[in-house]
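First residue of the sequence shown: 0, per numbering that gives the first Met the number 0; consecutive thereafter. For every residue, glycine included, the Cβ atom is placed at its ideal position computed from N, Cα and C. Single-structure report; data block below.
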Amino acid sequence: MRKPRWRPLLVALTRVTAAFASFRWLRDVRLSVVAVAGESMTPAFLPGDFILIARRDIPRNERAYGLVVCLRAADDRLLLKRIVGVPGDSLRIGTTVQVAGRALLEPHAHGETPAAQYRGVSALGLGEYLVLGDNRAASTDSRNFGAVRAEQIEGIAVLRYWPPERLGLIRRAPRRFAASGEYG
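Below you can see the structure in the form of structure tokens.
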């Protein structure tokens with residue numbers, strides 16, 4: 000049976016359309032590369048990991064919680080941090096992070112927050128986020144420089160591509176709270 004003559008044309012047109020759509024998406028998303036240098040996000044990110052950052056807007060609601068984002072420190076260093084507070088949240092940071100008096104479950108976080116870095120935050124304003132490193136004992140984050148504005152966040156970590164054995168998408172941590180009495 001003969002193949003229709005229009006089939007190669009349709010395949011070519013589909014490929015051109017897909018390539019054009021991909022190009023427009025990549026141009027709109029604007030990807031950047033970040034090399035992890037410090038210990039503040041261990042064990043999720045280790046020194047020597049290379050991360051792709053998508054430069055796009057941060058959700059302005061609870062869907063931003065748990066995203067790993069890239070921002071600039073006052074000294075112009077790039078920092079990778081996790082969003083733990085979103086607009087409207089009232090937070091307290093101590094031995095745990097509490098939102099409106101409810102302790103967050105953070106299996107990705109470890110290390111003790113030094114008592115000198117305990118903080119209470121009134122409600123975060125529109126477009127404000129609280130960011131913390133996963134390694135609480137070795138992180139410069141919102142405990143030091145306060146809430147960050149959406150405009151200060153340069154992008155969202157989407158993919159670790161190096162080293163090859165750690166290749167994978169970077170997923171948002173789910174927002175879950177401890178049962179009453181589970182944390183003090």
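- Contact check for R175 and L90: beta-carbon distance about 16 Å, past the 8 Å limit, so the pair fails to qualify.
- When DSSP reads this structure, V33 sits in a beta bridge with I50.
- Per DSSP, R142 is one residue of the alpha helix (DSSP H) stretching across 141-144.
- Secondary structure remark: continuous beta strand (DSSP E) runs of at least 3 residues inside the stretch 42-108, in chain order: 49-53, 67-71, 77-84, 90-92, 96-98, 101-104.
- G154 is bridged by DSSP to C69.
- Of the residues D56, Y128, P173, A177, the one whose Cα lies closest to the Cα of K80 is Y128.
- Assignment of E111 by DSSP, reduced to helix, strand and coil, places it in the coil class.
- I50 sits away from A146, with the two beta carbons spaced by 9 Å or more.
- DSSP, read as helix, strand or coil, puts E38 in coil.
- Rounded to the nearest angstrom, the Cβ distance from I152 to L70 is 5 Å, consistent with a contact under 8 Å.
- Within its own chain, the residues whose Cβ lies closer than 6 Å to the Cβ of L123, once the five positions on either side in sequence are excluded, are G84, P86, D88, A146, listed in chain order.
- Exclusion of the five residues before and after D140 leaves S39, L78, K80, V130, L131, G132 as the residues of its chain whose Cβ lies within less than 8 Å of its Cβ.
- Looking at the backbone, the Cα of D48 and that of R165 are separated by about 8 Å.
- Counted as a single uninterrupted DSSP element, the beta strand (DSSP E) harbouring E127 occupies residues 127-131.
- One alpha carbon belongs to G37, the other to R159, and they sit about 16 Å apart.
- The distance from the Cβ of Y117 to that of I92 is about 6 Å, consistent with a contact at the 8 Å cut-off.
- Taking 9 Å as the cut-off, the beta carbon of N134 is found no closer than this to the beta carbon of A114.
- One thing to note: I52 has its Cβ no nearer than 9 Å to the Cβ of V35.
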